[in-house]
Structures are given as structure tokens and as C-alpha cells.
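Peer 1: Please see the structure below; I have some questions.
There are 2 protein chains.
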Amino acid sequence: MATLKELEDSSDGTIVPLEEILGQMKFNEAGLIPAIAQDHVSKDVLMLAWMDRAAIKKTLEEGYVTYFSRSRQSYWKKGETSGHVQRLVQMSFDCDGDAILIEVEQTGSACHTMRKTCFYLKVNGLKVSISDTT
Amino acid sequence: MATLKELEDSSDGTIVPLEEILGQMKFNEAGLIPAIAQDHVSKDVLMLAWMDRAAIKKTLEEGYVTYFSRSRQSYWKKGETSGHVQRLVQMSFDCDGDAILIEVEQTGSACHTMRKTCFYLKVNGLKVSISDTT
Chain C
1 MATLKELEDS
11 SDGTIVPLEE
21 ILGQMKFNEA
31 GLIPAIAQDH
41 VSKDVLMLAW
51 MDRAAIKKTL
61 EEGYVTYFSR
71 SRQSYWKKGE
81 TSGHVQRLVQ
91 MSFDCDGDAI
101 LIEVEQTGSA
111 CHTMRKTCFY
121 LKVNGLKVSI
131 SDTT
Chain D
135 MATLKELEDS
145 SDGTIVPLEE
155 ILGQMKFNEA
165 GLIPAIAQDH
175 VSKDVLMLAW
185 MDRAAIKKTL
195 EEGYVTYFSR
205 SRQSYWKKGE
215 TSGHVQRLVQ
225 MSFDCDGDAI
235 LIEVEQTGSA
245 CHTMRKTCFY
255 LKVNGLKVSI
265 SDTT
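Residue numbers (our numbering), protein chains in the order written: chain C, 1 to 134; chain D, 135 to 268.
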């Protein structure tokens, strides 16, 4: 089995089984890993949420993103109540297996405030301004 | 003081002091918060690392990104040894104050493997392929 460290030196196009990578992902003490959702067209970073191994598998199987909600301690299929679903376009893992990037096709707003993205608090010097412009 | 919850209903252009927002950020039990670095030109997501309150302040003051390394338990000015610095273009916080987005001008490679981004492990069905193409 190739370790993530060994794969660092692998050339583009190298292919390994998903299970081998999942087995090396660094989940935290709660079994979670941060997942970044990015709009695959605008490339805006939409939000950061958390996944456990089951949420990763469910997302890959269904083709729509499911997170694990830390506040509710339950699975959270994004958009299940709001309709603002995220269709999975590409899931990627980082070099040391402690973060996930999920490129998605976002229906409606990613943020529960109805803004395009959750990152609307923009630092300008010693002030923060509310801005949904990306 | 406006809470993050109250700010959800604020209109674009609302301005609040940085200190008020920093005081409401949700640092984890180790005092850290995940920070996503994004290339401000290509909009590629480059990496995810962690910051504490001092790293946030240092980054804002110096205009270059400093993270807190969990493995080394020390501040890590990105590129200090490699030269692959990240000039801060825009820092943003998310709606509930538990994630940071840092748009940067990246010098050289963001990833220590010399790839453009750290997210080069791409899931394709039940396989993962190494690909630095974004």
C-alpha cells in the first residue's frame, strides 16, 4: 500500500484505491475532517463544514453533499430542507490527508443567510465590513 | 456590540470593529480555527491550515500569512524557508465565526511537494488519481 508520504513523489496520473486513501485520512478526535465547498463555476469558496468517514461515502455514493453537523451531532444533507443542495462535481484530498475540497454545483444560496457564500465578513484594516461581493 | 447572529440581517456595507468580531470567533479547544488559502487570481483553493488569534493578527499586521503549525506547535510564517510566501489580499470570516478564508498572492508552489495546490488527490469513483490540474 502506498502511503500519502510515498504518493508525494508520484507522477500525475498515478492511481490508487480510494479505500487506501480513506484509511490514511486524519480524522480528529471526534472522527471529523474539515471540508471546503467551492462553486465549480465561479470558483467562489462557499463554506467550510465537517465530514466523517460515513459522510464522505454517502456524498460519493449519492452525488450530493452530506456533512456531519457538530452542533446537531447528526448527518446533514445540505439543502434537504432549504432545497439549496450541492451536487458533487469533484472531491479532492490534500497532501497530508487532513482536509477535503468539494467542488459543487450549488443550487440557490450556500449560506443560510441567503448570501452566495458564508464568507461575507471582510476584514479591512481594523474594521470588518459585510459584503457578499466576491 | 453586534453579535454575529445579529449581523446576519445586516445590509451590505455595514461596518463593525475587527476586535468585536475576533472576540466572537469560535476557536477550538486548542485555540485554533481552520484557514483556507485561495489564490486570488486563479481562485484555486491552495491549502487548509490553522490559525490562532495571534496568527490572525500577525498576518493582518505584516500582510503576509502566518499559520500555527499543529505538528510543530509553533508559528509558521508560510514560505519563511522555501520563499513560497503568501501575500495577503483579503481575509474574510464566515457567518458563524468558525472558519477563515484568506485570498493570497502565492509566490511559487503552495504545496511542499512543489505542486500548485495541496488538493492533488482526486477521487474518481472507487479510485484516487494524482493530478495537479485544477
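Heads up, the beta-carbon is just placed ideally off N, CA and C, and yes, glycines get one too.
Near Lys77 (chain C), what residues of its chain come up, given a Cβ to Cβ distance below 6 Å and the 5 sequence neighbours on each side ignored?
Peer 2: Thr66
Peer 1: When burial is assigned at 16 or more other CB atoms within 10 Å of the CB, is Lys5 (chain C) buried or exposed?
Peer 2: With a threshold of 16 other beta carbon atoms within 10 Å, Lys5 (chain C) falls short and is exposed.
Peer 1: For Ala99 (chain C) and Met1 (chain C), I'd like the C-alpha separation in whole angstroms.
Peer 2: 21 Å
Peer 1: Taking buried to mean at least 16 other C-beta atoms within 10 Å of its own C-beta, is Asp143 (chain D) buried or exposed?
Peer 2: exposed
Peer 1: Using a C-beta cutoff of 8 Å, does Phe27 (chain C) count as contacting chain D?
Peer 2: Chain D, which has no Cβ nearer than 8 Å to the Cβ of Phe27 (chain C), makes this no.
Peer 1: Taking the straight line between their C-alpha atoms, what separation do you get for Ala55 (chain C) and Val16 (chain C)?
Peer 2: 21 Å
Peer 1: Which value, in whole angstroms, describes the spacing of the CA atoms of Leu180 (chain D) and Gly197 (chain D)?
Peer 2: 18 Å
Peer 1: Please go through the same chain and pick out, in chain order, the residues whose beta-carbon is closer than 7 Å to the beta-carbon of Asp39 (chain C), but skip the five residues on each side of it.
Peer 2: Leu46, Val104, Gln106
Peer 1: How many angstroms separate the CA atom of Met114 (chain C) from the CA atom of Gln86 (chain C)?
Peer 2: 15 Å
Peer 1: Secondary structure at Ala171 (chain D), three-state DSSP: helix, strand or coil?
Peer 2: strand
Peer 1: For Glu29 (chain C), which of helix, strand or coil comes out of DSSP?
Peer 2: coil
Peer 1: Identify which residue in D:His246, D:Ile236, D:Tyr254 has its Cα closest to the Cα of Val175 (chain D).
Peer 2: D:Ile236
Peer 1: Determine the closest residue to Gly217 (chain D) out of D:Gly259, D:Thr193, D:Ser243, with distance taken between C-alpha atoms.
Peer 2: D:Ser243
Peer 1: If we define contact as Cβ-Cβ less than 8 Å, is Val128 (chain C) a contact residue for chain D?
Peer 2: yes
Peer 1: Less than 8 Å between the CB atoms is what I'm expecting for Gly231 (chain D) and Met159 (chain D), so what's the real figure, rounded?
Peer 2: Beta-carbon to beta-carbon, Gly231 (chain D) and Met159 (chain D) are separated by about 5 Å, close enough to satisfy the 8 Å threshold.
Peer 1: Check the Cβ of Lys135 (chain C) against every Cβ in chain D and list those closer than 7 Å, keeping chain order.
Peer 2: There is simply no residue 135 (chain C) to check, as chain C begins at 1 and stops at 134 in what is shown.
Peer 1: Take the Cβ of Thr3 (chain C) as the centre, count every other Cβ of all protein chains shown within 10 Å, and call the residue buried at 16 or more, exposed below.
Peer 2: exposed
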